[in-house]
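Visitor: Sequence lines, in order, name chains A and B.
Numbering of the first sequence is given in the working numbering, commencing with residue 501 and proceeding in unit increments.
Numbering of the second sequence is given in the working numbering, commencing with residue 14 and proceeding in unit increments.
Quick reminder that beta carbons are idealized off the backbone N, C-alpha and C, glycines included.
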Amino acid sequence: MKNLNQLTAHKLLEMLKKEEITSLEIVQSLFERIEKAEDKIRAYLFWDKEKILAKAKKSKQGLLSGIPIAIKDNICVEGEPTGCASQILQGFISPYDATVVKNLKAKGAILCGRTNMDEFAFGSSTENSAYQVTHNPWDGQRVPGGSSGGSAAAVAADEAIFALGSDTGGSIRQPAGLCGVVGFKPTYGRVSRYGLIAFGSSLDQIGTLTKDVADAALLLKAIAGFDNQDSTSVDISVPDYEKYLEREIKGLKIGLPDEYFIEGLERNVKQRVEEAIKVFEGLGAEMVRISLPHTEFAVAVYYILATAEASSNLLRFDGVEYGVRKTVNSLQPTVYSLQKTENRKNLLSEMYEKTREEGFGKEAKRRIILGTYVLSRGYYDQYYLKAAKVRNLVVKDFKEAFEKCDLILTPTSPTPAWKIGEKTEDPLRMYLSDIFTIPANLAGIPAVSIPCGFCKGLPVGLQLFGKAFAEEKILQAAYAYEQSTEWHLQKPKI
Amino acid sequence: MKFKTVIGLEVHLQLNTHTKIFCACAMRFGVSPNSQVCPVCLGLPGSLPVLNNKVLNKAVKLCLALDCQIAKEIRFDRKNYFYPDLPKGYQISQYDKPVGSNGKLNGIGITRIHLEEDAGKLIHNPEGSLVDYNRAGTPLLEIVSEPDIQNPKQAYDYLSALKSISEYLEVSDCNMEEGSLRCDANISISPIHSEELGVKIEIKNMNSFRGVQKALEYEEKRQREILNKGEKLSQETRLWDAEKEITLVMRSKEEANDYRYFPEPDLPCFFISLDMIEEIKKQMPELPQQRQQRFISQYKIPEYDAAVLTKEKKMADYFEKCLEFFDKPKTISNWLMRDVLNFLKTEKVSWDDFSLSPQNFTDLLKFVEVKEISINMGREVFLEMLKSNKKAKEIIAEKGLAQVSDEGKLKSIIGKIIIANSKSVKDFQSGKEKALMFLVGQVMKETKGKANAAVVQKLLREECKKSPLVSL
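Written out as structure tokens, the structure is:
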């Protein structure tokens, strides 16, 4: 059978069940595709073909038995390089599995490679990878979005059946929108973060990049649930998401926040979203005008809190225990004797400075400096503390809005994919591309981006926010929309 | 000039839970380096902390024993700094919501008690420095006193009392040599009537309670001399050199460290409910002070004895165990305070390693009590028991140490002595009491000390009266 790589996981599972195909055939068709398209897309950082083929020959029974999945480079896989697309973690082999990886393995999924990303998830275009630039499958001149750009591009280009990403300020939804796939960020605490290399610990959440909503439901079910190794994961039972998909959405109240349909939102994008609203109305949903008054502060609040946490989370990359160690005088890792006090001061600071100077990229350094600054004595109250307070106002905004509606509908990003290199010199403009996705992370609520059309051949994404731990509601609405449109079936020509 | 001294102590106490504060690694002492580690305590990328509930329980216990206010809600914060023994580049500690505050110990105020994780240990060689992360993630309580301590002896007493309470609560091993209790001291000296506080000097690197006292005494003297010369002190951190018994400058003027504390996002806030406090109160054992009072009233022993016996929980436990076998509190107390403590001190043995069971020990005391052996012999047997692990009865039999109290046996010896020492017998008969003691001595000599002196004396009196006056 040909082109199995183009199918969704739920379709493949059906075929596997009927013994029409084998897992090995799926993997082989994926590798055929990867070998053909990867030169142009550059979605993957690493894969071990022999190992994957061997796994496909005898896959475990379970929910995802025999289905290959791509994993973002910031999620730990035992015995495999896990490097956050950063020089500083070059050569680091994780000695343990992230909880999500453990769950996937237990359910029979086959891990099939590590996808590219912005270094430590710092970025919105995947251009901040230390290794390569990933290209948007719809237009090779353009970015795939980020930071989970590798996962989004791999799924869009049929180089992966589906993939895991992580979302701190939109890093799943924004590239999903720009690549025309489904990107789902669950509620903070729904999926264990254990083994996800932290960026902003109070914002990070692992989620899914899939070809359709049904696969999002399937994959979310496989990775969600309480984990006693993550104190911020929440012990609420996980519903059978797939069972919610076929339900009608008649009478569902969908909020349209004034603050998201603003200047700066590209006209074409706005049009696609408005068309989508019509589809929802046609399905019997009721549109409600709402306000999220603190939206304008979200980006500023986010860049204070996320960088503060990141500056601390990245302290461990110091050349002592793992990853790369750089020294002034030699190419080899130097053995230090810190017996003498002067040595301690000089040798140590030399190692720290050199390792971090050479190991981190420009954006990582920018965020470390920003985060260090906002936590510094004398500035903490003014920046960090104030931002933490405003974050609470954003949370309150959503709480009040959800008294009037079940879901909130917005565009995923203000523009479709932009040209590679277009915003790299203007970080502030780059930061603003996440303006619509960031609030969900601040509030910890679940959100999805689904394809809702094209403008000039580039995909446009539509975003739905839901109440905390009400993922099924989002999936239900997204599925209903998807069933009445065909945007998700469009394939890029590569 | 007269001066006053102001001292504050900062104690780090390792809690003796079975596992570390944020992971399930064991915490045995003296195992091979990096053998008790996991992704969490190694700070590997992606790992996350999970609070060990036993840690919170022990922390609250100690806070209650030190009369602290217990926070309703506690939070962990990150203290950020680089050092090779700190795997994550930050220490999970507590900044503005510690477990306990406003406590008291020996009349000295306790500012705060907070939880944090310990770092690893650096091992320096000329060829290179190595890091052992076994200690990383060990739960610590930092106990900060108010600057209420007025002299070095008081500092010593404060630490002893803290150790005593911690041992009673079984929250820490309090072993300064193994590092399960560490103490830094702040001291400042100022003219006695001065309103202003003196210059604060921090001393580190003391490895015993006596060391803390000595270091403070040394500093007190050094600082007074400087002030007396009219010179000024500068704020600095000094290291105690235990061998030379001096302090040396470690760094002058505090380097302005900015730890950039902020709330630890990987851990939620923890709530300490009244129910939890009540539950812990129920588990609270009798504390040293209470036990001392009870010993005085229940066993009718002097206050001094009760204080000595209850200072170490294990000694007090031993004492009470002995009472189950032998109901003479004061006798047991005497032996424990004198012979046992002496032995422990000279042999450098701890109560844990004291091999004599209360039953065997009291068996010995019973032999002395019934005058089967003399006190002096008892002491010999005591040391022999510890050396050979034999029972008192066996040693007494083997060495033939049993006192001769048999009157028939003693009478024949006394008869001989009377004949050989007629002068003394005469002296006694004519009223010289001293002569009797000489005769007792002769009998003891003849029996190689085994005769029961009291019986001998009684018999001698009788025999001398009977014996006809020998005339020349």
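1) Please classify V157 (chain B) as buried or exposed, where buried requires at least 16 other C-beta atoms within 10 Å of its C-beta.
2) Does the beta-carbon of R542 (chain A) have 16 or more other beta-carbons within 10 angstroms, so that it is buried, or is it exposed?
3) Using a C-beta to C-beta distance shorter than 9 angstroms, which residues of chain A count as neighbours of G59 (chain B)?
4) Inspect the CB distances between the stretch 856–868 of chain A and the stretch 788–800 of chain A and report whether three or more fall short of 8 angstroms.
5) Kindly indicate the opening and closing residues of the alpha helix (DSSP H) around L472 (chain B).
6) Flag A917 (chain A) as yes if its beta-carbon sits less than 8 angstroms from any beta-carbon of chain B, otherwise no.
7) Report yes or no: do three or more beta-carbon pairs, one from the stretch 644–651 of chain A and one from the stretch 669–676 of chain A, lie closer than 8 angstroms?
8) Residues in the stretch 31–52 of chain B with C-beta within 7 angstroms of chain A's C-beta atoms, listed in sequence order?
9) For L831 (chain A), I'd like the list of residues in its chain whose CB is within less than 7 angstroms of its CB, leaving aside the five on either flank, ordered along the chain.
10) List the DSSP bridge partners of K17 (chain B).
11) Could you confirm whether any beta carbon from chain B is found closer than 8 angstroms to the beta carbon of Y884 (chain A)?
12) List the residues of chain B that D730 (chain A) touches, going by C-beta distances under 9 angstroms, in chain order.
13) Since E619 (chain A) and E922 (chain A) are thought to touch, with beta carbons under 8 angstroms apart, how far apart are those beta carbons, to the nearest angstrom?
14) Which stretch, first to last residue, makes up the beta strand (DSSP E) that contains P959 (chain A)?
15) With G689 (chain A) and S733 (chain A) assumed to form a contact (beta carbons below 8 angstroms), what rounded beta-carbon distance in angstroms separates them?
16) Restricting to Cα atoms, I'd like to know which of B:M219, B:L135 and B:V394 is closest to A198 (chain B).
17) Would you verify that the beta carbon of E821 (chain A) is, or is not, closer than 8 angstroms to some beta carbon of chain B?
18) Quick check on P97 (chain B): buried or exposed, where buried means 16 or more other Cβ atoms within 10 Å of its Cβ?
19) Give the straight-line distance between the Cα atoms of Q983 (chain A) and I974 (chain A), rounded to the nearest whole angstrom.
20) Under 9 angstroms between beta-carbons, which chain B residues line up against R877 (chain A)? List them in chain order, please.
21) Buried or exposed: which applies to L805 (chain A), given that a residue is buried once 16 or more other Cβ atoms fall within 10 Å of its Cβ?
22) Compare the Cα-Cα distances from T57 (chain B) to each of A:V655, A:P595 and A:P686 and report the closest residue.
23) So that I know if they touch, is there some Cβ in chain B lying closer than 8 angstroms to that of L563 (chain A)?
24) What residues match up with S106 (chain B) in a beta bridge as DSSP calls it?
25) Tell me which residues share the same chain as S484 (chain B) and place their Cβ nearer than 8 angstroms to its Cβ, disregarding the 5 neighbours each side in the sequence.
26) When the distance is taken between beta carbons, is I575 (chain A) closer than 8 angstroms to A598 (chain A)?
27) Can you pull the chain A neighbours of P139 (chain B), defined as C-beta to C-beta under 9 angstroms?
28) If G102 (chain B) sits next to L815 (chain A), beta carbons under 8 angstroms apart, how far is it from one beta carbon to the other, in whole angstroms?
29) Once the 5 residues before and after I202 (chain B) are set aside, which same chain residues still bring their CB inside 7 angstroms of it?
30) Looking at S173 (chain B): is its Cβ nearer than 8 angstroms to the Cβ of F222 (chain B)?
31) Does the beta-carbon of S666 (chain A) have 16 or more other beta-carbons within 10 angstroms, so that it is buried, or is it exposed?
32) Looking at chain A, is there any beta carbon in it that lies within less than 8 angstroms of the beta carbon of N70 (chain B)?
33) Given a threshold of 16 other Cβ atoms within 10 Å of its Cβ, counted over all protein chains shown, does K721 (chain A) qualify as buried or as exposed?
34) T687 (chain A) and F969 (chain A) - do their beta-carbons sit closer together than 8 angstroms?
35) Could you spell out where the alpha helix (DSSP H) holding A255 (chain B) opens and where it closes?
36) In angstroms with no decimal places, state the Cα-to-Cα distance between R891 (chain A) and Y884 (chain A).
Guide: Reading off the structure:
1) On the second sequence, residue 157 (chain B) is found 144 positions in, with the first residue counted as 1. Within a 10 Å sphere around the beta-carbon of V157 (chain B) sit 16 or more other beta-carbons, which makes this residue buried.
2) Within the first sequence, residue 542 (chain A) is the residue found at index 42, counting from 1. Buried, by the Cβ-count rule.
3) Within the second sequence, numbered from 1, the residue matching residue 59 (chain B) stands at position 46. Neighbourhood of G59 (chain B) in chain A, by CB distance below 9 angstroms: N574, I575, C576, T582, S594, Y596, A598, R693, Y694, G695, L696, I697 and A698, in chain order.
4) Segment contact: the stretch 856–868 of chain A against the stretch 788–800 of chain A, fewer than three CB-CB distances shorter than 8 angstroms; contact not assigned.
5) Numbered from 1 along the second sequence, position 459 holds the residue referred to as residue 472 (chain B). Annotation: the continuous alpha helix (DSSP H) that includes L472 (chain B) extends over A466 to K479.
6) In the first sequence, counting from the first residue as 1, residue 917 (chain A) sits at position 417. It does not: the Cβ of A917 (chain A) has no partner Cβ on chain B nearer than 8 angstroms.
7) The answer is yes - the stretch 669–676 of chain A touches the stretch 644–651 of chain A, with three or more Cβ pairs under 8 angstroms.
8) Cβ contacts with chain A come from P52.
9) By one-based count along the first sequence, residue 831 (chain A) stands at place 331. The predicted position of L831 (chain A) is uncertain, since its pLDDT is 45 and thus under 50; no value can be drawn from it.
10) One-based indexing of the second sequence puts residue 17 (chain B) at position 4. According to DSSP, residue pairing for K17 (chain B) in a beta bridge involves B:S203.
11) Reading the first sequence from its first residue, position 384 is the one you call residue 884 (chain A). Interface residue, yes.
12) The count along the first sequence starts at 1 and reaches residue 730 (chain A) at position 230. Here the neighbours are L61, V63 and D279.
13) For the purposes of this step, residue 619 (chain A) is taken as the residue at position 119 of the first sequence. For the purposes of this step, residue 922 (chain A) is taken as the residue at position 422 of the first sequence. Wrong, their Cβ atoms sit about 19 angstroms apart, outside the cutoff.
14) Residue 959 (chain A) sits at position 459 when you count from the first residue of the first sequence. Residue range L958 to G966 is occupied by the beta strand (DSSP E) that includes P959 (chain A).
15) Against the first sequence, residue 689 (chain A) aligns to sequence position 189. Against the first sequence, residue 733 (chain A) aligns to sequence position 233. Between S733 (chain A) and G689 (chain A) the Cβ distance is about 5 angstroms, and since that is below 8 angstroms, they are a contact.
16) As a first step, residue 198 (chain B) must be located in the second sequence, where it is residue number 185. Per the Cα distances, B:M219.
17) In the first sequence, counting from the first residue as 1, residue 821 (chain A) sits at position 321. Yes, because at least one Cβ of chain B sits closer than 8 angstroms to the Cβ of E821 (chain A).
18) Stepping through the second sequence from its first residue, residue 97 (chain B) is reached at position 84. P97 (chain B) is buried by the Cβ-count criterion.
19) The count along the first sequence starts at 1 and reaches residue 983 (chain A) at position 483. The count along the first sequence starts at 1 and reaches residue 974 (chain A) at position 474. Cα to Cα, Q983 (chain A) sits roughly 14 angstroms from I974 (chain A).
20) Sequence index remark: in the first sequence, residue 877 (chain A) carries index 377 (1-based). Result: A269, D271, Y272 and R273.
21) Here residue 805 (chain A) corresponds to residue number 305 of the first sequence, with the count starting at 1. L805 (chain A) is buried by the Cβ-count criterion.
22) Walking along the second sequence from the start, residue 57 (chain B) turns up at place 44. Correcting the residue type first, residue 57 (chain B) is Leu in the shown sequence and not Thr. Nearest C-alpha to L57 (chain B): A:P595.
23) The residue you call residue 563 (chain A) lines up with position 63 of the first sequence. No, no contact with chain B.
24) Position 93 of the second sequence, counted from the start, is the residue given in the question as residue 106 (chain B). Its beta-bridge partners are B:D90.
25) Here the question's residue 484 (chain B) lines up with position 471 in the second sequence. Caution applies to S484 (chain B), whose pLDDT of 45 falls short of 50 and renders its modelled position unreliable; the model cannot decide the point.
26) Your numbering for residue 598 (chain A) matches position 98 in the first sequence. Your numbering for residue 575 (chain A) matches position 75 in the first sequence. For the 8 angstroms CB-CB criterion, A598 (chain A) and I575 (chain A) form a contact.
27) Taking the second sequence and counting its residues from 1, the one referred to as residue 139 (chain B) is at position 126. Contacts between P139 (chain B) and chain A, judged by CB atoms closer than 9 angstroms, involve S837 and Q839 in chain order.
28) In the second sequence, the residue the question calls residue 102 (chain B) occupies position 89. In the first sequence, the residue the question calls residue 815 (chain A) occupies position 315. About 2 angstroms separates the two Cβ atoms, so the contact holds.
29) Position 189 of the second sequence, counted from the first residue, corresponds to residue 202 (chain B). Cβ neighbours of I202 (chain B) beyond the five flanking positions: F16, T18, G211, E233, Q236, R237 and L240.
30) Counted from its first residue, the second sequence places residue 173 (chain B) at position 160. Counted from its first residue, the second sequence places residue 222 (chain B) at position 209. In this structure, S173 (chain B) lies near F222 (chain B), with their beta-carbon atoms less than 8 angstroms apart.
31) Residue numbering aside, residue 666 (chain A) sits at position 166 when the first sequence is read from its first letter. The residue in question, S666 (chain A), is buried, as its Cβ has 16 or more Cβ neighbours within 10 Å.
32) Working through the second sequence from its first residue, we reach residue 70 (chain B) at position 57. Not one chain A Cβ lies under 8 angstroms of N70 (chain B).
33) On the first sequence, position 221 is the one that residue 721 (chain A) refers to. Burial is judged here by how many other beta carbons sit within 10 angstroms of a residue's own beta carbon; K721 (chain A) has at least 16 and is buried.
34) Residue mapping note: residue 969 (chain A) aligns to position 469 of the first sequence, counting from 1. Residue mapping note: residue 687 (chain A) aligns to position 187 of the first sequence, counting from 1. Yes, they are a contact pair.
35) Looking up residue 255 (chain B) in the second sequence gives position 242. Boundaries cannot be given for A255 (chain B), as no alpha helix (DSSP H) includes it and DSSP labels it neither H nor E.
36) Position 391 of the first sequence, counted from the start, is the residue given in the question as residue 891 (chain A). Position 384 of the first sequence, counted from the start, is the residue given in the question as residue 884 (chain A). Going from the Cα of R891 (chain A) to the Cα of Y884 (chain A) covers about 10 angstroms.
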